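Report on one structure; see the data block that follows.
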DNA sequence: CGTAGACGACAGTATAACTATCCAAGGAGG
DNA sequence: CCTCCTTGGATAGTTATACTGTCGTCTACG
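Protein chains in written order, with the numbering used here: chain F, 22 to 233; chain A, 22 to 233.
Okay, here's the thing in structure tokens:
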């Protein structure tokens, strides 16, 4: 199929496809002649994946590049997932004054959860620390790790559920795609659902409350 | 306190403070004379709030403006929360071909959850629909509402927990702040924890799996 | 009384993610 | 064979967001 057809099928404009090609997000097509390149279903699918990650998940193009690079990872599927997790994680903000302590708290939370398969240099350890640090800076509350316990339990549930539901017939990259889409889409869904649920549940407590 | 002091205390550069002032995110200080304006603790706090929402939650300046405007809402605290939810929700992407059906599904999910206090025109109804629509376009799977049920249950739990934990001594805007920070910070925390948990739990199923 | 710092207006910058233009050439229809 | 449309490839331009910098003036404070 030609580039124009690829564009029609996916709804992605031709210049954008060219851009993705340049950035290496989309593999080159089959170059029949220097003037005619052939794209196939694989390209349609990849483009769909890229669009859903960007439009729904807000994953930046840089992250998409890391993800594409991650698919080259050798080793077990577990290794592949670990590299992808780093690719998907935002780059941690520059560390402030309380980072070291926050990092210790983050590590403690992970240990407490029993997540002993998480690499010591996982990007998300720093991300967790950074968030904790900023939060601590805002609110002078005590706010110990106890506050986070329910979220840890929830995340654990969620992860078990999603890992268990992956389709075993797929190949390694297929599994990765399913995992990523699930992660990104359901993170968005969950955030939206949570806002909806708070709107509903705030009625019981605050439906009559006109405090000033 | 002078603007330079406000800057030092919060770590936000003076030009940025001026920018926030121009945009109306920060209330004007007390103008003692045309050349001397006095800022106080309230400004320090507000600046901290703005920074945490932007740096941790990635809330765009536009959203912050809507949030500031929301604090003017009359009515019950529940009404206030509802307006804030709309302010915090991303603007739904332009609707595609399957939006109407997706919106019906979204409404059904909300009804099924028993969230009957959610306004009919809540922005998040459209957001949920938009996400569902994009997801459906990617994967040709059946993927009925059953798939979403566990997330609904989780969001319900989460919302109950957070509403119940709000500090009753605060005034309406104080409650709003606490709710917003909780929502934004814990959305980020949960996303990070989930990636960590998936890294851990993928080991059990895929730790030896080198499939090709 | 001299000057550092504040105000306010406005212009400039950085980054991300596209989008547009151009050109030469190949290929499909007639 | 001729014509015209489309492609590939390179490069330049655009839009949006979120700041950041400069300038002229003026005044509170030492």
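Even glycine gets a Cβ: it sits at the ideal position worked out from N, Cα and C. Just so it is clear, the structure is predicted and the values come from calculations on it, not from any experiment.
Per the DSSP calculation, residue i is bridged to which residue(s)?
i	result
residue 52(F)	58(F)
Considering just the uninterrupted stretch of the alpha helix (DSSP H) at residue i, what are its terminal residues?
i	result
residue 37(F)	35–44
residue 148(F)	144–159
residue 200(F)	193–227
residue 168(A)	Taken as a continuous stretch (DSSP letters only), residue 168(A) belongs to no alpha helix (DSSP H), as it is neither H nor E.
residue 84(F)	82–91
residue 137(A)	Note, residue 137(A): premise wrong, no alpha helix (DSSP H); not H, not E.
residue 31(A)	24–31
residue 108(A)	98–109
Does residue i pass the burial test, meaning 16 or more other C-beta atoms within 10 Å, or should it be called exposed?
i	result
residue 198(F)	buried
residue 215(A)	buried
residue 25(A)	exposed
residue 203(A)	buried
residue 44(F)	exposed
residue 183(F)	buried
residue 129(A)	exposed
residue 225(F)	exposed
residue 219(A)	buried
residue 185(F)	exposed
residue 134(F)	buried
residue 189(F)	exposed
residue 80(F)	buried
residue 233(A)	exposed
residue 177(A)	buried
residue 127(A)	buried
residue 35(F)	exposed
residue 103(A)	buried
residue 125(A)	exposed
residue 170(A)	exposed
Can you check whether the CB of residue j is closer than 8 Å to the CB of residue i?
i	j	result
residue 211(A)	residue 172(F)	yes
residue 148(F)	residue 115(F)	no
residue 179(F)	residue 179(A)	no
residue 27(A)	residue 65(A)	yes
residue 231(A)	residue 97(F)	yes
residue 208(F)	residue 145(F)	no
residue 150(A)	residue 120(A)	yes
residue 139(F)	residue 221(A)	yes
residue 123(F)	residue 154(F)	yes
residue 217(F)	residue 73(A)	no
residue 68(F)	residue 47(F)	yes
residue 213(A)	residue 152(F)	yes
residue 194(F)	residue 78(F)	no
residue 70(A)	residue 159(F)	yes
inquiry  = Across the stretch 48–58 of chain F and the stretch 87–102 of chain A, are there enough close Cβ pairs to call them in contact, namely three or more that are closer than 8 Å?
reply    = no
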